[in-house]
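Residue numbering for the sequence shown follows this note's numbering, starting at 25 and increasing by one per position. For every residue, glycine included, the Cβ atom is placed at its ideal position computed from N, Cα and C. Being a predicted model, the structure only gives us computed values, none of them experimental. Structure, as structure tokens:
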Amino acid sequence: MVKISNLPQSACDFIKGHKVAVACTVTTACGLLALKKYMAGGVCRSKAHMNGKTVLITGANTGIGKETAKDLARRGARVLLACRDITKAERAAEDIRKTTGNKNVVVYILDLASLKSVRQCANEVIRKETRVDVLINNAGVMWTPEWKTDDGFEMQFGTNHLGHFLFTNLLLDLLKKSTPSRIVNVSSRAHERGKINFDDLNSEKNYSRSEAYNQSKLANVLFTRELSKRLQGTGVTVNSLHPGIIKTELGRYMGITWWRKILLMPFFLLIIKNPIQGAQTTIHCAVSQELDGVSGKYFSDCAIKEEAPQAQDDEAAARLWKVSEEMVGLTQRS
């Protein structure tokens with residue numbers, strides 16, 4: 025601690041003359057630092073090793089996906105990066121190899137906005153890999169313009185939900201062969217504002233960037249809920265999570281004006297997480313031994329949290345599953 029007597033005379037005189045102002049400033053600064061630390065969220069404390077295990081992460085070339093890949097590579101896992109941009113993915117893979125010392129990092133091409141690409145990637149993984157111990161469905165888009173996927177689906181619902189729905193189902197047999205295994209679905213707290221509009225899943229009647237995103241994130245949680253029921257007794261668990269508000273490329277389509285950025289900057293500086301902090305809950309769900317056998321739960325800050333009421337609707341979850349099967353052309357599984 026710095027004593028006033030050790031400060032320059034001018035500083036001592038200022039402090040003595042402005043005791044209340046200085047005290048308020050110091051108190052506010054300490055409070056903001058404490059709040060910033062609190063908002064950074066939970067930290068994965070698990071020291072579990074992943075030697076001999078294979079982890080597949082979608083969208084792992086940047087953001088929390090890349091930080092998740094780095095952490096699991098440090099734990100000794102064989103890490104598969106399933107990404108759309110092969111150049112960025114190869115660059116990320118090389119960086120992960122150098123920073124972790126783990127050379128067992130492999131790239132697969134996966135465009136979740138194309139069912140053809142999803143099937144090709146899944147088939148390649150099945151052909152080349154003998155096991156997948158953890159599947160992390162991390163990739164996603166947010167607040168995009170009114171775009172369509174290659175198959176004509178609304179971009180956010182098609183990418184965030186349908187692409188992962190098909191990819192996961194195609195890899196289920198490999199996951200079952202690798203038991204005990206885990207599926208981790210990265211959702212968002214935005215699911216709390218979501219509604220599954222079964223009459224207009226592609227948002228063709230009235231498109232809203234935010235509502236389409238919220239719907240896709242609610243779909244992630246409902247998918248997790250239904251899948252956990254279907255996987256009972258198989259040795260495969262599935263959980264979803266909210267990673268936090270993170271500074272990544274995900275928000276590049278949000279279109280916030282410059283003056284709003286200025287006004288919101290102090291608020292965002294307090295609540296926003298960096299990618300390492302944002303990856304902690306994903307890592308926790310992927311490796312923590314205390315979660316052995318835990319399935320169908322929703323996590324935030326490395327702890328189980330209660331989903332929104334609409335995310336606990338079993339009837340909606342079952343209906344979404346059936347509709348999703350039809351949309352992606354998936355044969356009914358036993």
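Query	Result
Secondary structure at Ile133, three-state DSSP: helix, strand or coil?	strand
Mind checking whether Ala214 and Thr183 have CB atoms under 8 Å apart?	no
Terminal residues of the continuous alpha helix (DSSP H) containing Ser141?	Leu139 to Lys152
Could you check if Asn85 is buried or exposed, using at least 16 other CB atoms within 10 Å of its CB as the buried criterion?	buried
Find the nearest neighbour of Gly353 within the set Lys94, Thr82 and Arg143, judged by alpha-carbon distance.	Arg143
Apply the 10 Å Cβ neighbour rule to Ile303 and answer buried if 16 or more other Cβ atoms are within range, or exposed otherwise.	Note on residue identity: the sequence assigns Ala, not Ile, to residue 303. Buried, by the Cβ-count rule.
Considering Cα atoms alone, identify which of Gly259, Ile150 and Leu194 is closest to Pro204.	Gly259
Is the beta carbon of Thr78 closer than 8 Å to that of Ala101?	yes
Can you say whether Phe222 is buried or exposed, counting buried as having 16 or more other CB atoms within 10 angstroms of its CB?	exposed
Note down, in chain order, each residue of its chain lying with its Cβ closer than 6 Å to the Cβ of Gly89, except the 5 sequence neighbours on either side.	Ile81, Gly83 and Asn162
Considering only the alpha carbon of each residue, which of Glu314, Glu350, Leu242 and Gln301 lies closest to Gly66?	Gln301
Quick check on the DSSP output: the beta strand (DSSP E) that includes His266 runs from which residue to which?	Val260 to His266
Considering Tyr361, what are the terminal residues of the beta strand (DSSP E) in which it resides?	The requested residue 361 is not part of the displayed model; the chain covers only 25 to 358.
Taking the straight line between their C-alpha atoms, what separation do you get for Tyr231 and Val347?	20 Å
Enumerate, from N- to C-terminal direction, the unbroken beta strand (DSSP E) stretches of 3 or more residues contained entirely within the stretch 66-114.	78-82 and 102-107
State the Cα-Cα distance for the pair Glu314 and Cys68, rounded to the nearest angstrom.	11 Å
When DSSP builds the beta bridges, which residues end up paired with Lys297?	Ile270
Select from Asp135, Ala117 and Ser70 the residue whose C-alpha is nearest the C-alpha of Glu91.	Ala117
Could you round the C-beta distance between Leu246 and Leu159 to whole angstroms and report it? I think they count as a contact, below 8 Å.	The Cβ separation is near 18 Å, so there is no contact.
Does DSSP classify Asn161 as helix, strand or coil?	strand
Can you check DSSP and say which residues form a bridge with Glu178?	Lys172
Report yes if the CB atom of Ser324 is closer than 8 Å to the CB atom of Thr305, and no otherwise.	yes
With which residues is Arg249 paired in a DSSP beta bridge?	Its beta-bridge partners do not exist; DSSP assigns none.
Comparing alpha-carbon positions, which option in Phe189, Ser141 and Asp109 lies nearest Thr355?	Phe189
Looking at Val262 and Ser70, is the spacing between their C-beta atoms short of 8 Å?	no
How long is the line joining the alpha carbons of Gln336 and Lys229, rounded to whole angstroms?	26 Å
So is Arg99 buried or exposed if we call it buried at 16+ other beta carbons inside 10 Å?	buried
With a threshold of 6 Å on Cβ separation, who are the neighbours of Ser212 within its own chain once the five nearest residues in sequence on each side are excluded?	Lys241 and His266
Nearest to Asp363 by alpha carbon, out of Ile150, Phe177 and Gly164?	With the chain covering only 25 through 358, there is no way to say anything about residue 363.
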